[in-house]
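Right, one structure below, let's go through it.
In full-length UniProt numbering, the protein residues as written are 1 to 188.
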C-alpha cells in the first residue's frame, strides 16, 4: 500500500484544484448517490482524497452513513483535518475516513449499500481484483458508482460479476461536453 502517492503538499494542491474544477462533478455524483441510496444507506467512497465529495451527499441526505477509504495516509489526514464552515462542520462529523486499499477494503462482507469512486479507476493497480472487492463489500442489490474520465479504459468483463451494468456519459452542469463517464451496476 502506497502512503506517498499523494503526500501532504500534493494533496493540498489537488484539494485546491479539485474544489474549483470538480465541484460540478461532485454535485452530479452526490445527486446520483442520493437517488440510489435507500433510507439509512451506508455509502463508501474509495479514494476520497481530501474528502470533498462526501460532503455533497451529506448535505442532501442526513440519514446516510458516509465513509471514505484512501490508500494515502496523507490524504486521509488532510480529509480528517479539513476545516469546514458551519453547517458543513456538522456534516463532517457524520463522515469517517480511514486508510485502506481498494483490493482489501476494511469493511465486512455485504456491509455497504453504495460504493462510489471518482477519477481513480485508472489508478487501481489490479482492476479486476478491486471490482471483486467492491462486490464483496456491497450488499445484494448494492450499487457501485464508478466515475472517471471518458477515455479511461473500462473493460466490460471488469464488472462481469454484477448485473445491469451501464456506462453512462456524465457532463457536469457547466461543462460543454461529457468529459466523464459513470459505470453503474447492481450487486448480485
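By construction, the Cβ of each residue, glycine as well, lies at the ideal position given by its N, Cα and C atoms.
Cβ-based neighbour list, residue i, same chain, cut-off 7 Å, excluding 5 preceding and 5 following
i, result
"residue 141", "186 and 187"
"residue 106", "69, 98 and 100"
"residue 102", "46, 124, 130 and 133"
"residue 116", "29, 33, 43, 45 and 145"
"residue 128", "158"
"residue 179", "149 and 150"
"residue 64", "37, 41, 43, 57 and 58"
Between the CA atoms of residue j and residue i - distance to the nearest angstrom
i, j, result
"residue 193", "residue 133", "Because the chain here runs from 1 to 188, residue 193 falls outside it and cannot be looked at."
"residue 152", "residue 171", "15 Å"
"residue 166", "residue 73", "32 Å"
"residue 155", "residue 122", "11 Å"
"residue 75", "residue 61", "25 Å"
"residue 173", "residue 160", "31 Å"
"residue 93", "residue 147", "25 Å"
Other residues of its chain near residue i: CB distance less than 8 Å, five sequence neighbours each side excluded
i, result
"residue 79", "48, 49, 50, 51, 68, 70 and 97"
"residue 95", "51, 54, 55, 58, 66, 67 and 68"
"residue 137", "44, 105, 107, 108, 109, 110, 111, 112 and 115"
Reference residue i, options the options, closest by Cα
i, options, result
"residue 150", "118, 162 and 136", "118"
"residue 183", "36, 24 and 169", "169"
Nonlocal neighbours in the same chain, by C-beta distance under 6 Å from residue i, ignoring five residues either side
i, result
"residue 120", "47"
Item to complete: Would you mind listing the beta strand (DSSP E) stretches within the UniProt domain "Methyltransferase" (43-142) that are 3+ residues and don't spill past its ends, in chain order?
Response: Runs of the beta strand (DSSP E) lying entirely within the UniProt domain "Methyltransferase" (43-142) and spanning at least 3 residues, in chain order: 65-70, 95-99 and 112-118.
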